[in-house]
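J.: With the working numbering applied, the sequence shown covers 1118 to 1589. Heads up, the beta-carbon is just placed ideally off N, CA and C, and yes, glycines get one too. Predicted model, so just to flag it, every value in this text is computed and none were measured. Take a look at this one; I'll ask things after.
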Amino acid sequence: MNTKYLYINTIGCQMNVYDSEQMVRRLKPLGYEISPSMEAADLIIVNTCAIREKAEQKAFSFLGRLTALKRKKPELIICVGGCVAQQEGRMILERVHNVDLVFGTHALNRLPEHIRKISLKRCRISDVEMTKEIIEFPSEIKPGIEDGITRFVTIMRGCDNYCTYCVVPHVRGPEISRRPENVVNEIRELVEAGVKEVTLLGQNVNSYGIKEGLCSFPELLKFVNEIEGLLRIRFTTSHPKDLSEGLISAFAGLEKLCSHIHLPVQSGSNSVLKRMNRKYTRELYIDKIERLRKISPDLAITSDIIVGFPGETDEDFKATLDLVKEVEFDGLFTFGYSDRKNAPAAKFSDKVPDDKKNKRLQELLELQEYYTVKKNRALIGSTALILVEGFSKKQGDGDVQEGFTGVHWTGRTATNKIVNFVDENFLSGDTALIGKIINVKIEKAFSHSLLGKPVDLKGLPVGITGEESYAA
Ligand code: 5AD
Ligand code: SF4
1118 MNTKYLYINT
1128 IGCQMNVYDS
1138 EQMVRRLKPL
1148 GYEISPSMEA
1158 ADLIIVNTCA
1168 IREKAEQKAF
1178 SFLGRLTALK
1188 RKKPELIICV
1198 GGCVAQQEGR
1208 MILERVHNVD
1218 LVFGTHALNR
1228 LPEHIRKISL
1238 KRCRISDVEM
1248 TKEIIEFPSE
1258 IKPGIEDGIT
1268 RFVTIMRGCD
1278 NYCTYCVVPH
1288 VRGPEISRRP
1298 ENVVNEIREL
1308 VEAGVKEVTL
1318 LGQNVNSYGI
1328 KEGLCSFPEL
1338 LKFVNEIEGL
1348 LRIRFTTSHP
1358 KDLSEGLISA
1368 FAGLEKLCSH
1378 IHLPVQSGSN
1388 SVLKRMNRKY
1398 TRELYIDKIE
1408 RLRKISPDLA
1418 ITSDIIVGFP
1428 GETDEDFKAT
1438 LDLVKEVEFD
1448 GLFTFGYSDR
1458 KNAPAAKFSD
1468 KVPDDKKNKR
1478 LQELLELQEY
1488 YTVKKNRALI
1498 GSTALILVEG
1508 FSKKQGDGDV
1518 QEGFTGVHWT
1528 GRTATNKIVN
1538 FVDENFLSGD
1548 TALIGKIINV
1558 KIEKAFSHSL
1568 LGKPVDLKGL
1578 PVGITGEESY
1588 AA
């Protein structure tokens, strides 16, 4: 079989990253390998995101850039997958003449069949059919680990929550969970291929398995925790209304579960939360944070906040600022509200003008920057266990730092903070440290990373294994 080249542009969330990897896996039997460049590709896929208008525009501008390439290489196959594909379907074929295939979020397993057909007949296809079953990928195709020791693993798809601003339930369909044995087997295969850390993905991991009568999410975590050779477990995302006592306790009981939770609050105002259909109050959110911190005082907590939701008053926004001051998040993802087709809030009155939205966004960012830096600075002088992920191009948040010469490595703490570190004794290009957990003394703090030096490492990392470090 001739090798053909595949190029994927992945836009959006971790779920799309996972789906793109699965596309690569499904296209291997057809002879497709990852392309060294976009120009060399025989097949280009853009895996799209519909969460905000900007992400959607990004997909169309990428497709626009492919016009010249297709003119030079008419046999090039161009595909659009993911959430915008699901939402727009055939419209994309009409709007962008270059596109050969539009395949929605439930059509992943039919991708190879469509590509085969297009290669033979040069037809144009749109497949946005939704299925009721969970999408499992054929197990005979083993995961190909090109590089990296961390991977995302989707444990459930879709969402039943219908927050009024959100397009996800409409483009990914109702919530459905994978069987625990399939999740565990997939992680085992990944570990055999060299992976050390997995992030379990779902729109609301707390409701994992409930509908299907499978095990609970904390039980699934327990199974994953038992996988030999796996060093760390993360998960995202947790909905505050469903955050259970069982999951809160898991932070104290499971040694591989990292001390970090991403718990999107979206707003600090009860009236906004109500109109968002979030089904919790700020008081309940703060209560859950207190419970988490009681059981796990070092737990890092990050969140998502939407600014400028329709009808958000100055007072509502102040309630959000107050919540940020009260909770002191380790990090925050902030978004300006964006109207989405199919999401009920698009029809809400009292839209907040862009200039007001941007001003509020700026104020929130500045406030959070203060807490992020404060929390990072508090770590100076401490020693943290870092899972080494690879080499780092940066030393601080960009600038060269005096006294830090040598090979630079990068990794993360269990609390998900990026730590770059140096050790003059390591030879450049020696990859022996990658995938190991080591102790690093933090010496400098920036807003997006920390900088330090390894402790107790003399020369090469002989005898350092992840397991030993955990016992330390
Ligand atoms: N506008 C702005 N932000 C949004 N998000 C989801 N939908 C919208 C929207 N219409 C944000 C939420 C969510 C994150 C992934 O994206 O904060 O948690
Ligand atoms: Fe969207 Fe709400 Fe579901 Fe999250 S929980 S995916 S914000 S509808």
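#1: Can you give me the Cβ contacts of GLU1560 inside the same chain, cut-off strictly under 7 Å, excluding the 5 residues immediately before and after it?
#2: So does ARG1457 have its beta carbon nearer than 7 Å to some heavy atom of the ligand 5AD?
#3: Determine the DSSP secondary structure at CYS1200, reduced to helix, strand or coil.
#4: Could you give the DSSP three-state label for GLN1383: helix, strand or coil?
#5: For the candidate residues GLY1198, HIS1214, VAL1490, VAL1469, whose alpha-carbon lies nearest to that of GLU1445?
#6: Are the CB atoms of ILE1293 and MET1273 nearer to each other than 8 Å?
#7: So what does DSSP say about HIS1565, is it helix, strand or coil?
#8: Can you have a look at ILE1581 and say buried or exposed, based on whether 16 or more other CB atoms are within 10 angstroms of its CB?
#9: At a cut-off of 7 Å, would you count ASP1421 as near the ligand 5AD, judging by its Cβ distance to the nearest heavy atom?
#10: If you measure from each residue's Cβ to the nearest non-hydrogen atom of the ligand MN, which ones come out under 5 Å, in chain order?
#11: Less than 7 Å separating the Cβ of ARG1392 from some heavy atom of the ligand 5AD?
#12: So is SER1455 buried or exposed if we call it buried at 16+ other beta carbons inside 10 Å?
#13: Could you check how far apart the C-beta atoms of PHE1352 and VAL1322 are, in whole angstroms? I think they sit under 8 Å.
#14: What does THR1271 pair with, by DSSP beta-bridge criteria?
#15: Less than 7 Å between the CB of GLN1383 and some heavy atom of the ligand 5AD, yes or no?
#16: Taking the C-alpha atoms as reference points, what is the distance between ILE1209 and ASN1119?
#17: Using only CA atoms, which one of VAL1424, LEU1364, ARG1142, VAL1505 lies nearest to VAL1382?
#18: Hey, would you say ALA1162 sits closer than 8 Å to CYS1196, going by beta carbons?
#19: Which of the three DSSP states, helix, strand or coil, is assigned to LEU1144?
#20: Who does PRO1571 pair with in a DSSP beta bridge?
#21: ASN1537 and THR1500: beta carbons closer than 8 Å?
#22: Near GLU1150, what residues of its chain come up, given a Cβ to Cβ distance below 8 Å and the 5 sequence neighbours on each side ignored?
#23: Taking THR1451 and LEU1481 to be in contact with their CB atoms under 8 Å, please state how far apart those CB atoms are, rounded to whole angstroms.
#24: Check each candidate in PRO1291, SER1566, ILE1232 and name the one with the smallest Cα separation from THR1248.
#25: Give the DSSP-derived three-state secondary structure of TYR1487 in the structure shown.
#26: Measure the CB-CB distance between THR1316 and ASP1447 and report whether it falls below 8 Å.
#27: Return the first residue and the last residue of the alpha helix (DSSP H) that ARG1457 is part of.
#28: Going by alpha carbons, who is nearest to MET1140 out of ALA1172, ALA1224, LEU1180?
#29: Please identify the residue among LYS1145, LYS1171, THR1222, LEU1186 whose C-alpha is closest to the C-alpha of VAL1134.
#30: I need the boundaries of the beta strand (DSSP E) containing ALA1417, first residue and last residue.
#31: Between the alpha carbons of LEU1338 and PRO1191, how many angstroms are there, rounded?
#32: Is ILE1195 near the ligand 5AD, going by C-beta to nearest heavy atom under 7 Å?
#33: Would you call TYR1620 buried or exposed, if buried means 16 or more other Cβ atoms sit within 10 Å of its Cβ?
#34: Report all residues from its chain with a CB closer than 8 Å to the CB of PRO1357; omit the five preceding and five following residues, and keep chain order.
#35: Which class does TYR1369 belong to by DSSP, given the choice of helix, strand or coil?
#36: For ALA1549, name the three-state secondary structure that DSSP assigns.
T.: Result, derived from the coordinates:
#1: Looking up residue 1560 in the sequence shown gives position 443. Closer than 7 Å at Cβ, skipping near neighbours: ILE1497, LEU1568, GLY1569, LYS1570.
#2: To locate residue 1457, count along the sequence shown from 1; it is residue 340. Answer for ARG1457: yes, Cβ within range of the ligand 5AD.
#3: Indexing the sequence shown from 1 puts residue 1200 at position 83. If DSSP states are grouped into helix, strand and coil, CYS1200 belongs with the helices.
#4: In the sequence shown, residue 1383 corresponds to position 266, counting from 1. GLN1383 falls in the strand class under three-state DSSP.
#5: Within the sequence shown, numbered from 1, the residue matching residue 1445 stands at position 328. Closest by alpha carbon: VAL1490.
#6: If you number the sequence shown from 1, residue 1293 lands on position 176. If you number the sequence shown from 1, residue 1273 lands on position 156. Yes, the Cβ-Cβ distance between ILE1293 and MET1273 is below 8 Å.
#7: Here residue 1565 refers to the residue found at position 448 when the sequence shown is read from its first residue. DSSP places HIS1565 in coil when its eight states are reduced to three.
#8: Mapped onto the sequence shown, residue 1581 falls at position 464. For ILE1581, the predicted model reports a pLDDT of 39, less than 50, meaning its position is unreliable and no value from the coordinates is stated.
#9: Taking the first residue of the sequence shown as position 1, residue 1421 is located at position 304. Flag set: Cβ of ASP1421 near the ligand 5AD.
#10: The model depicted lacks the ligand MN and carries the ligand 5AD and the ligand SF4 instead.
#11: Residue mapping note: residue 1392 aligns to position 275 of the sequence shown, counting from 1. ARG1392 Cβ: outside cutoff for every heavy atom of the ligand 5AD.
#12: In the sequence shown, counting from the first residue as 1, residue 1455 sits at position 338. Burial call: buried.
#13: If you number the sequence shown from 1, residue 1352 lands on position 235. If you number the sequence shown from 1, residue 1322 lands on position 205. With a Cβ gap of about 5 Å, PHE1352 and VAL1322 count as contacting.
#14: Within the sequence shown, residue 1271 is the residue found at index 154, counting from 1. Residue pairing from DSSP places THR1271 in a beta bridge opposite LEU1318.
#15: Stepping through the sequence shown from its first residue, residue 1383 is reached at position 266. Result yes, Cβ under 7 Å from the ligand 5AD.
#16: Taking the first residue of the sequence shown as position 1, residue 1209 is located at position 92. Taking the first residue of the sequence shown as position 1, residue 1119 is located at position 2. If I take the Cα positions, the gap works out to 30 Å.
#17: In the sequence shown, the residue the question calls residue 1382 occupies position 265. When each option's Cα is compared against that of VAL1382, the closest is VAL1424.
#18: Counting from one through the sequence shown, the residue named residue 1162 turns up at place 45. Counting from one through the sequence shown, the residue named residue 1196 turns up at place 79. Per the sequence presented here, residue 1162 reads as Ile, with Ala not at that position. Cβ atoms of ILE1162 and CYS1196: closer than 8 Å.
#19: For the purposes of this step, residue 1144 is identified with residue 27 of the sequence shown, where counting begins at 1. Three-state result, LEU1144: helix.
#20: The sequence position of residue 1571 within the sequence shown is 454, counting from 1. Paired residues: VAL1557.
#21: Position 420 of the sequence shown, counted from the first residue, corresponds to residue 1537. Position 383 of the sequence shown, counted from the first residue, corresponds to residue 1500. No, these two residues do not count as a Cβ contact at 8 Å.
#22: Position 33 of the sequence shown, counted from the start, is the residue given in the question as residue 1150. For GLU1150, where only same-chain residues beyond five positions count, the Cβ hits under 8 Å are THR1120, LYS1121, TYR1122, LEU1123.
#23: Against the sequence shown, residue 1451 aligns to sequence position 334. Against the sequence shown, residue 1481 aligns to sequence position 364. Contact flag correct, Cβ pair sits at about 5 Å.
#24: Translated into positions along the sequence shown, residue 1248 becomes position 131. The shortest Cα separation from THR1248 among PRO1291, SER1566, ILE1232 belongs to PRO1291.
#25: For this step, residue 1487 is matched to residue 370 along the sequence shown. Three-state result, TYR1487: helix.
#26: Here residue 1316 corresponds to residue number 199 of the sequence shown, with the count starting at 1. Here residue 1447 corresponds to residue number 330 of the sequence shown, with the count starting at 1. No.
#27: Here residue 1457 refers to the residue found at position 340 when the sequence shown is read from its first residue. Unbroken run through ARG1457: none, as it is neither H nor E.
#28: In the sequence shown, counting from the first residue as 1, residue 1140 sits at position 23. For MET1140, the nearest C-alpha among the options comes from ALA1224.
#29: Counting from one through the sequence shown, the residue named residue 1134 turns up at place 17. Minimum Cα distance to VAL1134 is reached at THR1222.
#30: The residue you call residue 1417 lines up with position 300 of the sequence shown. Per DSSP, ALA1417 belongs to the beta strand (DSSP E) from 1417-1424.
#31: Here the question's residue 1338 lines up with position 221 in the sequence shown. Here the question's residue 1191 lines up with position 74 in the sequence shown. For LEU1338 and PRO1191, the distance between alpha carbons rounds to 48 Å.
#32: Looking up residue 1195 in the sequence shown gives position 78. ILE1195 has its CB no nearer than 7 Å to any heavy atom of the ligand 5AD.
#33: Lying before the first or after the last residue shown, residue 1620 is absent from the chain, which here runs from 1118 to 1589.
#34: Position 240 of the sequence shown, counting from 1, holds the residue named residue 1357. Excluding residues within five positions, the ones whose Cβ falls inside 8 Å are LEU1380, PRO1381, VAL1382, ARG1395, TYR1397, LEU1401, TYR1402, LYS1405.
#35: What you label residue 1369 is simply residue 252 of the sequence shown in a count that begins at 1. At residue 1369 the sequence reads Ala, which differs from the Tyr that was named. Assignment of ALA1369 by DSSP, reduced to helix, strand and coil, places it in the helix class.
#36: Within the sequence shown, numbered from 1, the residue matching residue 1549 stands at position 432. It is coil, neither helix nor strand.
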